[in-house]
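Residue numbers (my numbering): 2 to 387. For each residue, glycine too, the CB sits at the ideal point set by N, CA and C. Okay, so here's the structure we're looking at.
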Amino acid sequence: MIRHDIVVVGGGLVGCAIVLALQQAGFDAALVERGAAPKPFDPAQDDLRVYALSPASIRWLSGLGAWQQLGGWREGPYQAMKVWSEDPAQALIFDAAELRLPALGSIVENSMLQWRLWQQLDAARIHGGSAVEALSLDEAGAELRLADGRTLGCRLLVAADGVDSQLRAMAGIDTVGWSYAQRAIVAHVSTEKPHAQVALQRFLRSGPLAFLPLGDGRSSIVWSSTDAARLLALDDSGFMAELAGAIQYERGAITATTARASFPLRLSHATEYVRDSFALAGDAAHSVHPLAGQGVNLGFSDAAALVSALVEARDAGRDYGSLRNLKRYERARKAGNLDMLAVTDGLSRAFDLDLPGWQPLRDLGMQAVQRLQPLKTLLARQAAGL
Ligand SMILES: Cc1cc2nc3c(=O)[nH]c(=O)nc-3n(C[C@H](O)[C@H](O)[C@H](O)COP(=O)(O)OP(=O)(O)OC[C@H]3O[C@@H](n4cnc5c(N)ncnc54)[C@H](O)[C@@H]3O)c2cc1C
2 MIRHDIVVVG
12 GGLVGCAIVL
22 ALQQAGFDAA
32 LVERGAAPKP
42 FDPAQDDLRV
52 YALSPASIRW
62 LSGLGAWQQL
72 GGWREGPYQA
82 MKVWSEDPAQ
92 ALIFDAAELR
102 LPALGSIVEN
112 SMLQWRLWQQ
122 LDAARIHGGS
132 AVEALSLDEA
142 GAELRLADGR
152 TLGCRLLVAA
162 DGVDSQLRAM
172 AGIDTVGWSY
182 AQRAIVAHVS
192 TEKPHAQVAL
202 QRFLRSGPLA
212 FLPLGDGRSS
222 IVWSSTDAAR
232 LLALDDSGFM
242 AELAGAIQYE
252 RGAITATTAR
262 ASFPLRLSHA
272 TEYVRDSFAL
282 AGDAAHSVHP
292 LAGQGVNLGF
302 SDAAALVSAL
312 VEARDAGRDY
322 GSLRNLKRYE
332 RARKAGNLDM
342 LAVTDGLSRA
352 FDLDLPGWQP
362 LRDLGMQAVQ
372 RLQPLKTLLA
382 RQAAGL
C-alpha cells in the first residue's frame, strides 16, 4: 500500500489547488485523477469553460504562486459589471473604483489555469489515469483501491471529484437539490462595439444572459435559458442576431461566434461536508447556478478554509484528520455556501415570476439598490469575496 498524509481525489481546479497548497505547507499530499494529465495550454484553441475569478480567489492563487504562472496570458480583468432586466438605462452598475479595487475580477480559461496548477504539483505524487473503485473510512484514516489495483492509505481523504462525486456517494453522504429547466449555452463572440472591460448581465424571463470580457477583445457568453434547445438549433447568423437582441444591442451587432456548447444546470448541496478522515470540497460539496459566476470561487474558498484548518491543527500538535477538526472547516464554509446557493437560486427565479405587480416592484428594487450605496457596496464586496 502506498501511504500519504492526505489524498485528494479529483484533479479539477479545486483538487489541484488543494494539493498544491498542502504540498507547499509541508504535507505529503497526493492527487488521484481518473483522467489524463491536462495537455499544455494551446492559445490557438478556444476553451469555452471560462471563469470570472473574484479578487479573493486571485489573492489566494497568488499566495500559491499559481496566479503569477499565468503571466497575464489571455487573462481578462474587468472593471465594471452592468446588471439589468428590462431597461439598460436603469442598470445596476458595480464598479471596481467604488470598491477601491484594481479590478472586479478576471476572466480565465479553465484549461489554462488547470494546466498551470497541475504543472506545479510534485509529479511523483500524482496517481493519474485511474478512478477510485473502493473506499473504507474510520477514525484512524482512509484506504482506497484504484481501478488499476493500486491501494492508497492516508490520514485524510479529500473528495474534490465534482458535482457527481462518486466518493461522496461511497461515504454515504446525501445531497439536496434540483435541476433547472434552463440550460446554459456558452460561446465566444466578437462584437461590433468593444467591451471596454465591462461585464454585462441581463435577466431575461427565460433566464440570465452574461457577456464576460476576454483578454483578446472577444466576449465569453453564458446564456442560461429555458429556450436553449431552440437557440442551439439556430444557424450561426440566426443565433448572433438573437443574441444581439437579447443583450439589447449593448455591444452592437455580434460579428462572429465560435461553435456553441451547452451544459445542464443543477443546484446541489451535500447535507454534510465531513466525516471521520473525510472531507468534501468544491462542486462535490455544492453546485450553484452559474448566473453569479461563483462556482469555482466557492470551491477556492473551501480549499483555503480546509487547508488552513489542517495546517493550524497540525502546527498545534492536534490530529488534523479528526472529525472534530474537520467540523471547523465545515462550520467555516457551510453557511456561506448555502447563502450563495439561496441568492443565486432566488435570482434565477425572480425574473420568471408572473405575479401581478411583481415586475415593477422588482425593477424598483434594482433601482433602489443602485441608489443605496452602502447596500450596493455590500453586495459587490460579497461577490468579490472580500
Ligand atoms: C456553463 C457554466 C459556466 C460556469 N461559469 C462559472 C464562472 O464564471 N465562475 C465560476 O466560478 N464557476 C463557474 N462555473 C462552475 C464551475 O465550472 C465549477 O464550479 C468548477 O468547475 C468546479 O470545480 P471542481 O474542481 O470542484 O470540480 P470539477 O471541475 O468537476 O473537477 C472534478 C475532477 O474530478 C475528476 N474525477 C471525478 N470522479 C473521479 C473519480 N472517481 N476518481 C478520480 N477522479 C475523478 C474529474 O475527472 C475532474 O477532473 C460554471 C459552470 C457552468 C456549467
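Q) By a C-beta neighbour count over all protein chains shown, 10 Å radius and 16 as the cutoff for buried, is K40 buried or exposed? A) Translated into the one-based positions of the sequence shown, residue 40 becomes position 39. K40 is exposed by the Cβ-count criterion.
Q: Identify whether T176 lies in helix, strand or coil by the three-state DSSP scheme.
A: Within the sequence shown, the letter at position 175 stands for residue 176. It is a strand residue.
Q) Using the C-alpha atoms, what's the distance from D139 back to R146? A) Here residue 146 corresponds to residue number 145 of the sequence shown, with the count starting at 1. Here residue 139 corresponds to residue number 138 of the sequence shown, with the count starting at 1. Distance between the alpha carbons of R146 and D139 is about 15 Å.
(Q) If you follow the beta strand (DSSP E) that Q202 is in, where does it begin and where does it stop? (A) Indexing the sequence shown from 1 puts residue 202 at position 201. Start and end: V199 to L205.
Q: Return the chain-ordered list of same chain residues with a C-beta closer than 7 Å to the C-beta of Y194, the five sequence neighbours on each side being excluded.
A: One-based indexing of the sequence shown puts residue 194 at position 193. Going by the sequence as given, residue 194 is Lys instead of Tyr. Only R252 and G253 meet the Cβ criterion.
Q) For A393, is the classification buried or exposed, using 16 other Cβ atoms within 10 angstroms of its Cβ as the cut-off for buried? A) Residue 393 lies beyond the stretch modelled for the chain, which goes from 2 to 387, so this question has no answer here.
Q. In whole angstroms, what is the alpha-carbon distance linking G142 and R276?
A. To locate residue 142, count along the sequence shown from 1; it is residue 141. To locate residue 276, count along the sequence shown from 1; it is residue 275. Between G142 and R276, the alpha-carbon positions lie close to 11 Å from each other.
**Q.** Presumed contact (8 Å Cβ cut-off) between Y79 and L114, rounded CB distance
**A.** Position 78 of the sequence shown holds residue 79. Position 113 of the sequence shown holds residue 114. Their Cβ separation, rounded to whole angstroms, is 17 Å, which puts Y79 and L114 out of contact at 8 Å.
Q) Can you tell me whether DSSP reads Y181 as helix, strand or coil? A) Reading the sequence shown from its first residue, position 180 is the one you call residue 181. Strand.
Q) Taking 7 Å as the cut-off, does the CB of E144 come closer than this to any heavy atom belonging to ligand 1? A) Walking along the sequence shown from the start, residue 144 turns up at place 143. No, Cβ of E144 sits at least 7 Å from all heavy atoms of ligand 1.
Q: Using 10 angstroms around the beta-carbon of A67, count the other beta-carbons present and answer buried if the total reaches 16, otherwise exposed.
A: As a first step, residue 67 must be located in the sequence shown, where it is residue number 66. By the neighbour-count rule (16 or more Cβ atoms within 10 Å), A67 is buried.
(Q) Just to confirm my understanding: we take R219, look at its own chain, exclude 5 residues before and 5 after, and list those with CB closer than 7 Å. What are they? (A) Your numbering for residue 219 matches position 218 in the sequence shown. Taken in chain order, the residues that qualify are H189, V190 and S191.
(Q) Closest to V199 by C-alpha separation, out of N326, S107 and V20, would be which residue? (A) Start at 1 with the first residue of the sequence shown, and residue 199 comes out as number 198. The shortest C-alpha separation from V199 is found at S107.
Q: Taking only the alpha-carbon atoms, compute the straight-line gap between L49 and Q295 and give it to the nearest angstrom.
A: Residue mapping note: residue 49 aligns to position 48 of the sequence shown, counting from 1. Residue mapping note: residue 295 aligns to position 294 of the sequence shown, counting from 1. The C-alpha of L49 lies about 17 Å from the C-alpha of Q295.
Q. Does at least one heavy atom of ligand 1 sit under 7 Å from the Cβ of A37?
A. By one-based count along the sequence shown, residue 37 stands at place 36. A37: no, Cβ never under 7 Å from ligand 1.
Q. Would DSSP call T227 helix, strand or coil?
A. Translated into the one-based positions of the sequence shown, residue 227 becomes position 226. Three-state result, T227: coil.
(Q) Check this for me: beta carbons of V159 and A282, under 8 Å apart or not? (A) As a working mapping, residue 159 is identified with position 158 in the sequence shown. As a working mapping, residue 282 is identified with position 281 in the sequence shown. Their beta carbons are under 8 Å apart, which means V159 touches A282 by this criterion.
Q | Outcome for E273 when other beta-carbon atoms lying within 10 angstroms are tallied against a minimum of 16 | A | Indexing the sequence shown from 1 puts residue 273 at position 272. Buried, since its Cβ has 16 or more Cβ neighbours within 10 Å.
**Q.** F212: CB within 7 Å of a non-hydrogen atom of ligand 1
**A.** Counting from 1 along the sequence shown, the entry for residue 212 is found at position 211. Outside the cutoff, so no.
Q.
Which of the three DSSP states is assigned to P78 in this structure?
A. For the purposes of this step, residue 78 is identified with residue 77 of the sequence shown, where counting begins at 1. Note: P78 maps to strand in three-state DSSP.
Q. So what does DSSP say about E251, is it helix, strand or coil?
A. Translated into positions along the sequence shown, residue 251 becomes position 250. Of the three classes helix, strand and coil, the one that applies to E251 here is coil, per DSSP.
Q) Under 7 Å from any heavy atom of ligand 1, does the C-beta of Q198 make it? A) In the sequence shown, the residue the question calls residue 198 occupies position 197. Because no heavy atom of ligand 1 lies under 7 Å away, the Cβ of Q198 does not count as near it: no.
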